[in-house]
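Peer 1:
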Amino acid sequence: MDLTNMGKAAKDAAFELATASTAQKNQALAIIADELEANSAAILAANAKDIELGREAGLTDALLDRLLLNEERLTAIANDVRNVISLNDPVGSEIDSKVLENGMSLSRRRVPLGVVGVIYEARPNVTIDIAALCLKTGNASILRGGKETFFSNMELVKVIQSALAKANLPAASVQYIEKPDRELVSQLLKLDDYVDMIIPRGGAGLHKMCKENSTIPVIIGGFGISHIFVDESADLKKSLNVVENSKVQRPSACNSLDTLLVHEKIAAQFLPMIVERMNDKVTFVTEPKAKALMAQATQIRDAVEGDFDTEWLSYTLGVKVVSDVKDAIDHMRVHNASHSDAIMTNSLENSELFINSVGSAAVYVNASTRFTDGAQFGLGAEVAVSTQKLHARGPMGLEELTSYKWVGKANYLARS
Numbered sequence: 000m001d002l003t004n005m006g007k008a009a010k011d012a013a014f015e016l017a018t019a020s021t022a023q024k025n026q027a028l029a030i031i032a033d034e035l036e037a038n039s040a041a042i043l044a045a046n047a048k049d050i051e052l053g054r055e056a057g058l059t060d061a062l063l064d065r066l067l068l069n070e071e072r073l074t075a076i077a078n079d080v081r082n083v084i085s086l087n088d089p090v091g092s093e094i095d096s097k098v099l100e101n102g103m104s105l106s107r108r109r110v111p112l113g114v115v116g117v118i119y120e121a122r123p124n125v126t127i128d129i130a131a132l133c134l135k136t137g138n139a140s141i142l143r144g145g146k147e148t149f150f151s152n153m154e155l156v157k158v159i160q161s162a163l164a165k166a167n168l169p170a171a172s173v174q175y176i177e178k179p180d181r182e183l184v185s186q187l188l189k190l191d192d193y194v195d196m197i198i199p200r201g202g203a204g205l206h207k208m209c210k211e212n213s214t215i216p217v218i219i220g221g222f223g224i225s226h227i228f229v230d231e232s233a234d235l236k237k238s239l240n241v242v243e244n245s246k247v248q249r250p251s252a253c254n255s256l257d258t259l260l261v262h263e264k265i266a267a268q269f270l271p272m273i274v275e276r277m278n279d280k281v282t283f284v285t286e287p288k289a290k291a292l293m294a295q296a297t298q299i300r301d302a303v304e305g306d307f308d309t310e311w312l313s314y315t316l317g318v319k320v321v322s323d324v325k326d327a328i329d330h331m332r333v334h335n336a337s338h339s340d341a342i343m344t345n346s347l348e349n350s351e352l353f354i355n356s357v358g359s360a361a362v363y364v365n366a367s368t369r370f371t372d373g374a375q376f377g378l379g380a381e382v383a384v385s386t387q388k389l390h391a392r393g394p395m396g397l398e399e400l401t402s403y404k405w406v407g408k409a410n411y412l413a414r415s
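Here the sequence shown stands for residues 0 to 415, numbered as in numbering that gives the first Met the number 0.
Rendered as structure tokens:
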């Protein structure tokens with residue numbers, strides 16, 4: 000597979016996409032949504048092969064859940080694409096404008112980034128999400144999914160290519176690297192003549208490799224330890240519901256709860272409530288103070304070095320008792336709070352301190368960490384959840400897949 004030719008084709012496609020009308024782009028998206036449903040049997044059969052191979056390879060339940068497609072999830076993916084159609088096209092919109100003293104009208108106008116390379120692991124829905132968002136914003140994309148999703152992605156790419164042809168858009172608008180060879184990832188990271196941005200969606204190892212080897216700007220997406228701190232002033236019954244939702248609704252999601260921090264003044268009351276509610280599903284990984292208050296837990300073990308730096312992606316929850324909100328914040332600073340973190344509190348002072356101190360992409364007061372999601376934020380699908388600070392932060396929707404250019408208009412003006 001020649002990635003240089005793939006890069007050249009993507010750059011040519013991006014040139015055409017930059018001037019494609021919103022109607023033409025939306026037509027392609029509508030066809031993708033319809034054909035996802037029309038071809039559901041073939042897609043689900045391919046996904047079943049991936050699931051079977053994943054089980055044989057010993058994938059964890061969390062990874063298998065990420066890999067799984069069913070009728071409900073496929074319908075949700077199609078509806079996410081339709082939602083992207085309904086969103087305003089940011090390309091061509093003005094961010095701001097002004098008239099200079101010399102009479103020039105100067106504005107900043109949103110434009111596509113160009114070519115976006117996305118490397119992701121066992122989540123076949125990402126193939127459609129990225130293709131849809133990149134098409135809507137006039138970007139060409141080069142996708143590289145995980146080997147675990149090979150058969151699923153092959154069927155999904157067929158749907159995308161069919162839609163591009165029917166909408167008279169370049170076939171190279173969305174390209175997929177079929178071979179699982181990691182050397183091809185290294186080659187993609189060096190295509191700076193053609194690719195404008197790299198987005199890795201996966202674990203810390205993938206992020207590290209991309210940051211160390213890419214000659215293209217990289218936006219890190221997905222990884223981060225999510226925390227909830229339950230303050231002494233919190234409504235404990237309501238906090239219990241939020242903690243449960245954050246942990247067990249979909250534990251394999253990157254915005255699911257990893258570590259629960261509890262104020263020492265309410266720990267003796269709250270931690271037994273946690274055990275009673277979640278004992279049948281969750282394994283608790285605790286420091287000594289927390290363990291002493293969770294005697295009824297049947298699945299519990301002592302925390303060891305590295306546990307509070309672990310993104311569990313499963314029914315495992317780290318638990319720690321802290322002295323106050325500042326102690327909670329100090330813990331989070333050390334243990335990679337960068338994705339989604341929340342405080343349960345009725346104290347305005349403590350909530351503001353938490354908001355201003357925690358360095359995460361999304362910070363919540365009295366709400367579940369599970370809300371960090373493009374659809375939940377009203378952005379449609381997302382290409383990633385950025386956990387860094389430059390260019391984009393949090394769920395990356397349409398605007399985050401654009402840059403801007405300066406546009407100056409005048410009456411044959413020359414600089415004096």
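Using N, Cα and C, we set each Cβ at its ideal position, and we do this for glycine too.
To which residues does DSSP link Asp301 through a beta bridge?
Peer 2: Thr285
Peer 1: Under a three-way DSSP split, which group does Pro187 fall into?
Peer 2: Sequence check: residue 187 is Leu here, not Pro. DSSP, read as helix, strand or coil, puts Leu187 in helix.
Peer 1: Determine the direct distance from the alpha carbon of Ala139 to that of Arg108, and round the result to whole angstroms.
Peer 2: 19 Å
Peer 1: Taking buried to mean at least 16 other C-beta atoms within 10 Å of its own C-beta, is Leu347 buried or exposed?
Peer 2: exposed
Peer 1: For the putative contact between Ile224 and Asp257, defined by C-beta atoms under 8 Å, what is the C-beta separation to the nearest angstrom?
Peer 2: So it is a contact: roughly 5 Å between Cβ atoms.
Peer 1: Ala162 to Leu28, Cα distance in whole Å?
Peer 2: So the two alpha carbons sit approximately 7 Å from each other.
Peer 1: From this set, Asp306, Leu68, Gly204 and Gly57, which residue's C-alpha is nearest Leu43's C-alpha?
Peer 2: Answer by Cα proximity: Leu68.
Peer 1: Per DSSP, which one or two residues make a beta bridge with Trp405?
Peer 2: Arg107
Peer 1: Use the C-beta contact count for Met0: other C-beta atoms within 10 angstroms, 16 or more gives buried, fewer gives exposed.
Peer 2: exposed
Peer 1: What does DSSP give as the partner residues of Arg143 in its beta bridges?
Peer 2: Ile118
Peer 1: Enumerate in chain order the residues of its own chain whose CB-to-CB distance from Glu36 is below 8 Å, with the five nearest sequence positions on each side excluded.
Peer 2: Same-chain partners within the cutoff: Leu73, Thr74 and Ala77.
Peer 1: Pull the bridge partners of Ala432 from the DSSP assignment, please.
Peer 2: The question about residue 432 has no answer here: the residues shown for the chain are numbered 0 through 415.
Peer 1: Using 8 Å as the cut-off, can you tell me whether the region 229-236 makes contact with the region 276-292, which would need three or more C-beta pairs spanning the two stretches below that distance?
Peer 2: no
Peer 1: Buried or exposed for Tyr411, going by 16 or more other Cβ atoms inside 10 Å?
Peer 2: Around the beta-carbon of Tyr411, fewer than 16 other beta-carbon atoms lie within 10 Å, marking it exposed.
Peer 1: According to DSSP, simplified to helix, strand and coil, what is Met196?
Peer 2: strand
Peer 1: Buried or exposed: Asp79, going by 16 or more other Cβ atoms within 10 Å of its Cβ?
Peer 2: buried
Peer 1: I'd like to check one pair, Ser255 with Arg81: are the Cβ atoms closer than 8 Å?
Peer 2: no
Peer 1: Residue range of the beta strand (DSSP E) that Ile94 falls in?
Peer 2: Glu93 to Val98
Peer 1: Ordered along the chain, which non-local residues of its own chain (more than five positions away) have a Cβ less than 7 Å from that of Gln160?
Peer 2: Ala170.
Peer 1: Leu260 by DSSP, collapsed to three states: which one?
Peer 2: strand
Peer 1: Which stretch, first to last residue, makes up the beta strand (DSSP E) that contains Gly317?
Peer 2: Thr315 to Val321
Peer 1: Since Ile328 contacts Phe307 with CB under 8 Å, what's their CB separation in whole angstroms?
Peer 2: Contact doesn't hold; Cβ gap of about 14 Å is too wide.
Peer 1: Can you tell me whether Val158 is helix, strand or coil according to DSSP?
Peer 2: helix
Peer 1: Kindly provide the ranges of any alpha helix (DSSP H) runs that are 4 or more residues long and lie completely inside the region 26-107, ordered along the chain.
Peer 2: 39-55, 60-66 and 70-85
Peer 1: Considering Val125, what are the terminal residues of the alpha helix (DSSP H) in which it resides?
Peer 2: Counted as a single uninterrupted DSSP element, the alpha helix (DSSP H) harbouring Val125 occupies residues Asn124 to Lys135.
Peer 1: Starting from the C-beta of Lys210, find all residues in its chain whose C-beta is less than 8 Å away, skip the five residues before and the five after it, and write them out in chain order.
Peer 2: Val217 and Ile219
Peer 1: Only counting the same chain, and skipping five residues up and downstream in sequence, which positions put a Cβ closer than 7 Å to that of Gly91?
Peer 2: The residues are Arg108 and Arg109.
Peer 1: Assign Gln248 to one of three DSSP states: helix, strand, or coil.
Peer 2: coil
Peer 1: When you compare the CB positions of Met277 and Glu243, do they come within less than 8 Å of one another, or not?
Peer 2: Between Met277 and Glu243, the CB-CB gap stays under 8 Å.
Peer 1: Do Asp95 and Ser104 come within 8 Å of each other at the CB atom, strictly closer than that value?
Peer 2: no
Peer 1: Would the region 14-23 and the region 45-54 be scored as touching if the rule is three or more Cβ pairs under 8 Å?
Peer 2: Segment contact: the region 14-23 against the region 45-54, fewer than three CB-CB distances shorter than 8 Å; contact not assigned.
Peer 1: If you draw a straight line from the C-alpha of Lys207 to the C-alpha of Ile299, how long is it?
Peer 2: 32 Å
Peer 1: According to DSSP, what are the bridge partners of Tyr175?
Peer 2: Leu142
Peer 1: I'd like to know whether the C-beta atoms of Ala360 and Thr386 end up nearer to each other than 8 Å.
Peer 2: yes
Peer 1: Along the alpha helix (DSSP H) that carries Gly11, what are the first and last residues, could you check?
Peer 2: Per the sequence shown, residue 11 should be read as Asp rather than Gly. Start and end: Leu2 to Leu16.
Peer 1: Would you report the Cα separation of Ala39 and Leu66, rounded to the nearest angstrom?
Peer 2: A small fix is needed here, since residue 39 is Ser in this sequence, not Ala. Taking the straight line from one Cα to the other gives about 16 Å.
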